[in-house]
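Here the numbering used here is used: the first residue of the sequence shown is 56, the next is one more, and so on.
Notes follow the structure.
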Amino acid sequence: MSLPSYQEATTGTDWLLLVAPFCDFDDYRSLCLVSRRFRQIFAPRLWSDLLCSVRRIGLDPGDDLTWWFDFVFNKLDRVGQATRDLVQALDARYFAKDAFDFSSDQNERRLTSSLQRALTLLPHVNTILLDGHADIDHAVLLGPQSSAALGLNNLRILSIKDCSCQLPNVFFNTPHLQKLIYLDISNLPGSLISLLQSGLLPALRILKVRGRELDDSTLCLLMRRFGPQLWSLDVGSNKISDDAVQIFKDWGLPASQLRTSDHFQVEGKIITQSWGTADYGHFLCIQESDLSGSFCHPERYFVDAPAYTSHANMALQEYQVHRLDGNQAVRRDSADAVKEAMSEEHQSRLGADDYLFSTGITHLRLSYNRLSAHGIQKLLRISNGYIEDLTCDSMPLLPNVGSYRKAWPPTSNLDGILGAAHLFRPVFSSNLRVLRIHHSLVTNIPSLQMVGLSSLARLFLAETAILRRVERAYPQTFTPDMNPRLLSLTLTCLPRRSSGPLISRLLQFLKLLAIQERGIQDASLSASTRRSPGVLQGLRHLRLEFEPDSMEEGFSTSEDLDPEELMNSGEKVFSFFEDERMESWSRSRARQMLHSKRVAVQSPAAVDNQASGPDRDNPEFVTYDADWSGDRFSIPVWAGPNDPDAPEVLKEYRRLVLERHVRDGVGPASPAQILAGAPSRSFIFHVAWSAAVMPSDLRPPTRGELAGMSDVLDELKTYRLNGRANYMQHKELAQMAGRHVSLGETHFFWTGRLEVSTEATLPLAQSSQYWR
Numbered sequence: 056m057s058l059p060s061y062q063e064a065t066t067g068t069d070w071l072l073l074v075a076p077f078c079d080f081d082d083y084r085s086l087c088l089v090s091r092r093f094r095q096i097f098a099p100r101l102w103s104d105l106l107c108s109v110r111r112i113g114l115d116p117g118d119d120l121t122w123w124f125d126f127v128f129n130k131l132d133r134v135g136q137a138t139r140d141l142v143q144a145l146d147a148r149y150f151a152k153d154a155f156d157f158s159s160d161q162n163e164r165r166l167t168s169s170l171q172r173a174l175t176l177l178p179h180v181n182t183i184l185l186d187g188h189a190d191i192d193h194a195v196l197l198g199p200q201s202s203a204a205l206g207l208n209n210l211r212i213l214s215i216k217d218c219s220c221q222l223p224n225v226f227f228n229t230p231h232l233q234k235l236i237y238l239d240i241s242n243l244p245g246s247l248i249s250l251l252q253s254g255l256l257p258a259l260r261i262l263k264v265r266g267r268e269l270d271d272s273t274l275c276l277l278m279r280r281f282g283p284q285l286w287s288l289d290v291g292s293n294k295i296s297d298d299a300v301q302i303f304k305d306w307g308l309p310a311s312q313l314r315t316s317d318h319f320q321v322e323g324k325i326i327t328q329s330w331g332t333a334d335y336g337h338f339l340c341i342q343e344s345d346l347s348g349s350f351c352h353p354e355r356y357f358v359d360a361p362a363y364t365s366h367a368n369m370a371l372q373e374y375q376v377h378r379l380d381g382n383q384a385v386r387r388d389s390a391d392a393v394k395e396a397m398s399e400e401h402q403s404r405l406g407a408d409d410y411l412f413s414t415g416i417t418h419l420r421l422s423y424n425r426l427s428a429h430g431i432q433k434l435l436r437i438s439n440g441y442i443e444d445l446t447c448d449s450m451p452l453l454p455n456v457g458s459y460r461k462a463w464p465p466t467s468n469l470d471g472i473l474g475a476a477h478l479f480r481p482v483f484s485s486n487l488r489v490l491r492i493h494h495s496l497v498t499n500i501p502s503l504q505m506v507g508l509s510s511l512a513r514l515f516l517a518e519t520a521i522l523r524r525v526e527r528a529y530p531q532t533f534t535p536d537m538n539p540r541l542l543s544l545t546l547t548c549l550p551r552r553s554s555g556p557l558i559s560r561l562l563q564f565l566k567l568l569a570i571q572e573r574g575i576q577d578a579s580l581s582a583s584t585r586r587s588p589g590v591l592q593g594l595r596h597l598r599l600e601f602e603p604d605s606m607e608e609g610f611s612t613s614e615d616l617d618p619e620e621l622m623n624s625g626e627k628v629f630s631f632f633e634d635e636r637m638e639s640w641s642r643s644r645a646r647q648m649l650h651s652k653r654v655a656v657q658s659p660a661a662v663d664n665q666a667s668g669p670d671r672d673n674p675e676f677v678t679y680d681a682d683w684s685g686d687r688f689s690i691p692v693w694a695g696p697n698d699p700d701a702p703e704v705l706k707e708y709r710r711l712v713l714e715r716h717v718r719d720g721v722g723p724a725s726p727a728q729i730l731a732g733a734p735s736r737s738f739i740f741h742v743a744w745s746a747a748v749m750p751s752d753l754r755p756p757t758r759g760e761l762a763g764m765s766d767v768l769d770e771l772k773t774y775r776l777n778g779r780a781n782y783m784q785h786k787e788l789a790q791m792a793g794r795h796v797s798l799g800e801t802h803f804f805w806t807g808r809l810e811v812s813t814e815a816t817l818p819l820a821q822s823s824q825y826w827r
């Protein structure tokens, strides 16, 4: 936000400006009649967002078109020019959605022509939001030949997502689109070639292109065209793979480095090694201080000190880049947020200048692509700490291709992100403030997809048989104090039913939030003097997004499968290895397996208990050869413990490496893997380690076990109601004693904003409903 002028800094605040945001919208019209001063304050609030205002006044959605056509064709030209100049936004996202047959109206009253006429009479419109209006011809309305173009001299925001009209190739050549800051053209037919023309849209900073069949090659063209000009990019629901991560690094992410050793005692520091691989990136690991690894340093809640130079007469140079201090306002990239910032009457801490500033992509939306958890982890490693807002609802645990595929059930998959909590710490993600991601980051419970099992059975197995192995392979999950700079967290793909582990992990996370809140409260009290450092807010917004209730399907443990059809299709049912034993299975064996409701993955030990070869000569390490920047190097990679008493998941990792030769994703051992037993400062085959969490044998649960699964939402509500009652009791006692109520311990009620969504989370889902 820009500094105030001298006059602004020395002039007292008008009391009317202070109270205006708290006045009821229904009173605006009356307040405009009080005096010229009142009209100057309240008339812009009444007229700025025209279509939203008429809805708030009480216009019935069924009467939208009748009112609109009468207003535009019969009344708008009689409204005074000074009043028409106040209209800044035409937000039709929720307007005229109950009318389905625009073509039956007379030609002059079609929605397109009415909008075109409105734009010629409203010269100060800077925002047009037409999401979902399939019957609007955007080329006629906004194209180069449009008469409405005469009045659009300051158009900054345009959203036409979810519309059926294909944009012509010259659409973005239109002069009045060249000042656009925000553009959403998601889920439109046609290609993006017209957007890639050189020199167009020089002011564009926020681009949303969901559902445009975008693959890695098209993404590369898009990034080369706009590069660091953008600071927000939404490419959800496309075909982007792990290979795209390097494209973001090369063309979109800021090149300078935010990670330094300045915060070593509190957060640790990054050690960059001499080599790397194309899949992993540069080899990076964390060097911990005495307290950084336990996340309990007494200064962890303090904001960063202001940047300064050693000489008073020297200013900070452009190359002296510093991370955000942790308390700055987060730039939001939604249409509503940008519309508010562009409004002259907005009360936001961020203005138009803040939205124009860009050094590269800091807000990235990647949901529903082909990116795996390994790709997301690479993105965080190579981003130099610049990512501020990251969205990835769900992701496969393993890459789509790789040598592990020969040792993985062809009809099953795991979704989620495991063992990556360290990458969300400030030492890696220095500027991260908002995160939306699969719940396994916190719960350690992946989502199981397996043909032949019901949804409820898959949920049960994910948090029992699979979770036991995950906990042994990745014993560290994300906790609030790992990154007190994080302000908002959304956990997606949460199941509605649980046999216990999911519930206990969510409740424990809420308890940890209350403990963090108490720590920040104590830090604020100890830093109450004017010379004390500022204090971070901590995590203040938690949103939990639940999937549909699987209990509605009943207690079936398996889907309806025809064993004969499965055999005829040539698929090998739930086999972990493709060996001669599987090939010799008969149809009767398959029927017996299905009818007994036993889902089996053949034991890897059946392949070769006594594997031979040079790898067996070294008990625990194998040599890995690779190229990095044209230089050849060799490193020893830990192949797992040569111990018959080792945990089963570590023995499975060893079998995958030595017997199945799954040797993808080489990189330094993570903190979670070191806790699991990997040698410190060793290298790991990360793909094999992740693959090892799939059990060799999965037995479907009984009907009684499924019937005993609880509703996670009910448990959360009960916990919150009991916690609130306990908190209010402590608050009353504190007020009677003349002191502030202590947060955290004793009642463990977190006072932040908790949202729960129960609407299905799909690539093209609409807004959710939630309770708080």
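For every residue, glycine included, the Cβ atom is placed at its ideal position computed from N, Cα and C.
For this session: May I ask you to report which of helix, strand or coil DSSP gives Ser812?
Result: strand
For this session: Starting from the N-terminal side, write out each stretch of the beta strand (DSSP E) that is 3 residues or longer and does not extend beyond the region 274-307.
Result: 287-289
For this session: Leaving out five residues on either side along the sequence, give the residues of the same chain with a beta carbon under 6 Å from the beta carbon of Leu565.
Result: Trp805
Problem set entry | Any non-hydrogen atom of the ligand ATP closer than 8 Å to Arg386 Cβ | This structure lacks the ligand ATP; in fact it carries no ligand of any kind.
Problem set entry | Leu235 versus Ile212 - alpha carbon distance | 6 Å
For this session: Whole angstroms is fine: what's the gap from His179's alpha carbon to Arg111's?
Result: 22 Å
Problem set entry | Start-to-end residues for the beta strand (DSSP E) that takes in Asn468 | 467-470
Exercise. With DSSP run on the structure shown, which of helix, strand or coil describes Glu526?
Worked result: helix
For this session: Could you tell me which residues DSSP pairs with Pro723 in its beta bridges?
Result: Phe738
Exercise. So who's on the other strand from Tyr237, going by DSSP bridges?
Worked result: Ile212, Ile261
Problem set entry | Given 8 Å, three or more beta-carbon pairs between the region 349-364 and the region 693-703 | no
For this session: Determine the burial state of Phe803: buried for a count of at least 16 other Cβ atoms within 10 Å of its Cβ, exposed for fewer.
Result: buried
For this session: Using beta-carbon positions only, say whether Gln284 and Ser103 come within less than 9 Å of one another.
Result: no
Exercise. Who pairs with Tyr679 in a beta bridge, going by DSSP?
Worked result: Ile690
Exercise. What residues match up with Gln432 in a beta bridge as DSSP calls it?
Worked result: Paired residue(s): none; Gln432 is not in a bridge.
Exercise. Measuring CB to CB, does Arg524 end up less than 9 Å from Ala724?
Worked result: no
Problem set entry | Ser553, DSSP secondary structure in three states | strand
Problem set entry | Limits of the unbroken beta strand (DSSP E) element including Glu343 | Run containing Glu343: none; DSSP gives neither H nor E here.
Exercise. What three-state label does DSSP hand Trp123 in the structure shown?
Worked result: helix
Exercise. Among Cys87, Leu511, Phe483, which residue has its Cα nearest to the Cα of Ala762?
Worked result: Leu511
Exercise. Can you tell which of Asn781, Trp286, His493 has the C-alpha that lies nearest to the C-alpha of Ala258?
Worked result: Trp286
For this session: Using three-state DSSP, classify Lys324 as helix, strand or coil.
Result: strand
For this session: Can you give me the Cβ contacts of Arg436 inside the same chain, cut-off strictly under 6 Å, excluding the 5 residues immediately before and after it?
Result: Gly336, Leu339
Problem set entry | Distance, Gly198 Cα to Phe227 Cα | 8 Å
Problem set entry | Coil, strand or helix - Trp330 by DSSP | strand
Exercise. Contact check, Glu526 vs Leu487 under 8 Å by CB: the rounded distance?
Worked result: Incorrect: roughly 25 Å between the Cβ atoms, too far for contact.
Problem set entry | Per-residue DSSP class, three states only, for Val358 | coil
Exercise. Any C-beta of chain D sitting closer than 9 Å to the C-beta of Pro481?
Worked result: Here chain D cannot be found, since the structure has a single protein chain.
Exercise. Over what stretch of residues does the alpha helix (DSSP H) that includes Ser108 continue unbroken?
Worked result: 105-112
For this session: Put Thr66 into one of helix, strand or coil per three-state DSSP.
Result: coil
Problem set entry | Best match in Ile472, Arg513, Phe515, Arg573 for proximity to Thr532 [C-alpha to C-alpha] | Ile472
For this session: Determine the DSSP secondary structure at Cys351, reduced to helix, strand or coil.
Result: coil
Problem set entry | Beta-carbon gap between Val712 and Gly732 smaller than 9 Å | no
Exercise. So, using beta-carbon positions, are Ala681 and Trp306 closer together than 9 Å?
Worked result: no
For this session: Report yes or no: do the region 295-304 and the region 315-331 share at least 3 C-beta pairs separated by less than 8 Å?
Result: no
Problem set entry | Residue burial classification, Pro501 (beta-carbon count within 10 angstroms, cutoff 16) | buried
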